[in-house]
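Novice:
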Amino acid sequence: MKLFKYRITKKTKGEDDLIDITSDVRCCVKESGAEDGFGVVFVVGSTASILTMEYESGLAKDVREFLGELIPKDRDYLHNATWDDDNGYSHLRATLLGQSFVFPIENNEPVLGRWQQIVLAEFDHRPRDRVVVVHIYKV
Amino acid sequence: MKLFKYRITKKTKGEDDLIDITSDVRCCVKESGAEDGFGVVFVVGSTASILTMEYESGLAKDVREFLGELIPKDRDYLHNATWDDDNGYSHLRATLLGQSFVFPIENNEPVLGRWQQIVLAEFDHRPRDRVVVVHIYKV
Amino acid sequence: MKLFKYRITKKTKGEDDLIDITSDVRCCVKESGAEDGFGVVFVVGSTASILTMEYESGLAKDVREFLGELIPKDRDYLHNATWDDDNGYSHLRATLLGQSFVFPIENNEPVLGRWQQIVLAEFDHRPRDRVVVVHIYKV
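Dropping the structure here:
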């Protein structure tokens, strides 16, 4: 089994910016030449997530609204006091949705449904330079 | 390391149908002959999830009730307008719970607790033919 | 590819005990000698989770408060009737947050942000002896 290591870097806008990285991940798989195997997608940091969804603007707004109600931005999170910061909500959302995603590879393609995209979710309140680590394992 | 590829196909009933696929996954592990290694369980599509739970009818109802309150079926999700469809809630639930599950294998068995089952969750409003991709990696 | 198998065992206090296991996992990676590869962290049982967060006491309290509101301890979960037990809420929280975490390894280190820790979350109401399975795969 052989490992091919990649980095996807994205400038995010902060505030629940949802960025479709499926084509970036697909490029990694192509370049590795892996016919069969699996990929690990991992975002470094504790205020962003990797998630899957049908990437279309209506659903993206639904996701933002859902998270905005579930974990509101403007509560007095204790984390904010720790650092005199105001991104406690970002941390909670990132913990809920996770930073790691594993997908199978077959026929030199990620096995994904047509409406199933891999998305980098920025939960921090400010723009960030995000690093997404992609490991492609080729059988 | 060697890869064994499987497909589990299930006819679901829609509406939060929770299907225990632990024995199907265990069969894949057995058939692969993997003493040690790991498995990737992945459901194709953006309105279903792979989750783990103690599979018993009381808890299954608790899971359904929890999700029904957290992400109600009958809200005006913007996704519904995009496709003139009504499964926005299905997408949100699937994004929240994820489509991918990785487990360790030891002694030719998935390492699972006695009350820890692998479950295919159908969040779409209608019955679906679901394809679950199982990759078994044998050391 | 070579597999190194480890067990991390922890006595938890119950009641949303959050235990930072990053240094334990880092030790496994070191001992394996894996320069590149990946790790699987898996907690056995259906009332605990593996999650990632910035491990500091303020955020730990935020996580507990968030879960306490989202999935309150004192509701009449049907699971409680099944076993004449009272940990239905523990199961729901564990299903929501998951039992499995996969991370990339580079330079004989888990690839993690400075504020991104791997945490064992005990959701059961009573102290437990938890077993965390760690598989390190070395390329």
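Keeping their order, the protein sequence lines are chains A, B and C.
Just so we're aligned: the first sequence equals residues 1 to 139 in my numbering.
Just so we're aligned: the second sequence equals residues 140 to 278 in my numbering.
Just so we're aligned: the third sequence equals residues 279 to 417 in my numbering.
Think of the CB as a built atom: it goes at the ideal place given N, C-alpha and C, for glycine as much as any other residue.
Just so we're clear, the structure is a prediction, and the values are computed from it rather than from any experiment.
#1: Can you give me the C-alpha to C-alpha distance between residue 383/C and residue 304/C, rounded to a whole angstrom?
#2: Name the two residues that bound the continuous alpha helix (DSSP H) containing residue 371/C.
#3: Are the C-beta of residue 95/A and some C-beta of chain C separated by less than 8 Å?
#4: Is the shortest distance between the beta-carbon of residue 411/C and the beta-carbons of chain B less than 8 Å?
#5: Per DSSP, what are the beta-bridge partners of residue 260/B in this structure?
#6: Would you mind working out which of 136/A, 37/A, 76/A, 45/A sits nearest residue 336/C, comparing C-alpha positions?
#7: Whole angstroms is fine: what's the gap from residue 11/A's alpha carbon to residue 73/A's?
#8: Name the one or two DSSP bridge partners that residue 274/B has.
#9: Any C-beta of chain C within less than 7 Å: which residues of the stretch 99-121 of chain A qualify?
#10: Around the C-beta of residue 416/C, are 16 or more other C-beta atoms found within 10 angstroms, so that it is buried, or is it exposed?
#11: I want to verify the contact list: residues of chain B whose CB lies under 7 Å from the CB of residue 38/A, in sequence order.
#12: My assumption, with CB atoms under 8 Å, is that residue 161/B sits in contact with residue 256/B. Please give the rounded CB distance.
#13: Smallest Cα separation from residue 279/C: which of 310/C, 296/C, 362/C, 292/C?
#14: Do you know offhand how far residue 19/A's Cα is from residue 63/A's?
#15: Check whether the Cβ atoms of residue 254/B and residue 368/C lie closer than 8 Å to each other.
#16: Under the DSSP definition of a beta bridge, which residues are partnered with residue 100/A?
#17: Give the C-beta separation of residue 388/C and residue 307/C to the nearest angstrom, bearing in mind that I take them to be a contact with Cβ-Cβ under 8 Å.
#18: Might you give, ordered along the chain, the residues of its own chain that have their beta carbon closer than 6 Å to the beta carbon of residue 386/C, omitting 5 neighbours on each side?
#19: Just the C-alpha distance for residue 283/C and residue 9/A, rounded to the nearest angstrom, thanks.
#20: If you check the beta carbons only, do residue 125/A and residue 87/A fall under 8 Å apart?
#21: By alpha-carbon positions, which one of 361/C, 391/C, 295/C, 363/C ends up nearest to residue 327/C?
#22: Quick one: does residue 149/B have its CB under 8 Å from some CB of chain F?
#23: List the residues of chain A whose Cβ lies closer than 8 Å to the Cβ of residue 216/B, in chain order.
#24: Does residue 278/B come within less than 8 Å of chain C when only Cβ atoms are used?
#25: When you compare the CB of residue 212/B with every CB in chain A, is at least one pair closer than 8 Å?
Specialist: Reading off the structure:
#1: 10 Å
#2: 366-375
#3: yes
#4: yes
#5: 157/B, 188/B
#6: 76/A
#7: 22 Å
#8: 144/B, 179/B
#9: 99, 100, 102
#10: buried
#11: 179, 274
#12: 5 Å
#13: 310/C
#14: 13 Å
#15: no
#16: 42/A
#17: 6 Å
#18: 313
#19: 32 Å
#20: yes
#21: 295/C
#22: Protein chains in the displayed structure are A, B and C, and chain F is not among them.
#23: 58, 59, 62
#24: yes
#25: no
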